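Residue numbering for the sequence shown follows this note's numbering, beginning at 54 and increasing consecutively.
A virtual CB, placed ideally from N, CA and C, is assigned to each residue, including glycine.
Predicted, not measured: the structure shown is a model, and the values here were computed from it.
Presented below is the structure to which this report refers.
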Amino acid sequence: MIVEIGSAIGGLKTAVDLVRGVAAADRALNEADLKLKLLGAVNEMINAQEALLSARQVLQERDAEISRLQEALAIKGSVVRVNSAYYLTDEAGNGRGHGFCMRCYEVDHRLRHLAYGQQIMGSVVQCPSCKTNYVYGGVYPLD
Ligand SMILES: [Zn+2]
């Protein structure tokens, strides 16, 4: 992103120099020279615009990531790991309810519910998002 902003600044400086050159010319430029210099300035401004649009995209993505991490930080104190899953905590700090995927929480910092199928201790429970498999006995819902 720093490169895009630097490119935009450089392009705008060149455009300004071209237009100043036209304004400061000590003799009247013929129409062809004038058009050439103005087209050069327009091209520089278009390049600068594209660079700024690219930088804006990067900033928007970065803002979204910051928001996501802030949310992750906010929920950090309200979840607890029990065996192989994370759970929301009750007032006493004990895990309650259905489990969240350990991989999604620890790697992506996102709470994603596990999809319980058979509720047998040895059966497989899969995260619908990352497809990590768990054994039901390690991630069963807590009362
Ligand atoms: Zn997952």
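Does the Cβ of residue i lie closer than 7 angstroms to at least one heavy atom of ligand 1?
i: Arg-165; result: yes
i: Ser-182; result: yes
i: Arg-149; result: no
i: Arg-134; result: no
i: Arg-156; result: yes
i: Thr-185; result: yes
Give the secondary structure of residue i by DSSP, where H, G and I count as helix, E and B as strand, and everything else as coil.
i: Leu-164; result: coil
i: Tyr-158; result: helix
i: Tyr-193; result: coil
i: Thr-185; result: coil
i: Gln-171; result: coil
By Cβ distance below 8 angstroms, which residues in the same chain neighbour residue i in space, the five residues on each side in sequence not counted?
i: Leu-65; result: Glu-97, Met-98 and Ala-101
i: Ala-168; result: Val-178, Gln-179, Cys-180 and Pro-181
i: His-151; result: Tyr-140, His-166, Leu-167, Tyr-169 and Pro-194
i: Leu-112; result: Met-54
With a CB to CB cut of under 7 angstroms and the five nearest residues on each side skipped, what residues in its chain are close to residue i?
i: Met-174; result: Tyr-189 and Gly-190
i: Thr-67; result: Glu-97
i: Asn-136; result: Gly-191 and Val-192
i: Leu-87; result: Val-75
Quickly, what does DSSP pair residue i with across the bridge? List them, please.
i: Thr-142; result: Gly-148
i: Arg-134; result: Tyr-139
i: Gln-102; result: Gln-102 is not bridged to any residue.
Can you give me the Cβ contacts of residue i inside the same chain, cut-off strictly under 6 angstroms, excluding the 5 residues immediately before and after it?
i: Ala-61; result: Ala-101, Ala-104 and Leu-105
i: Asp-143; result: Arg-149
Comparing alpha-carbon positions, which option in the options lies nearest residue i?
i: Ala-94; options: Ala-81, Arg-109, Leu-167 and Arg-73; result: Arg-73
i: Lys-184; options: Arg-163, Asp-196, Asp-116 and Cys-157; result: Cys-157
i: Tyr-187; options: Ala-138, Asp-196, Ala-145 and His-162; result: Ala-138
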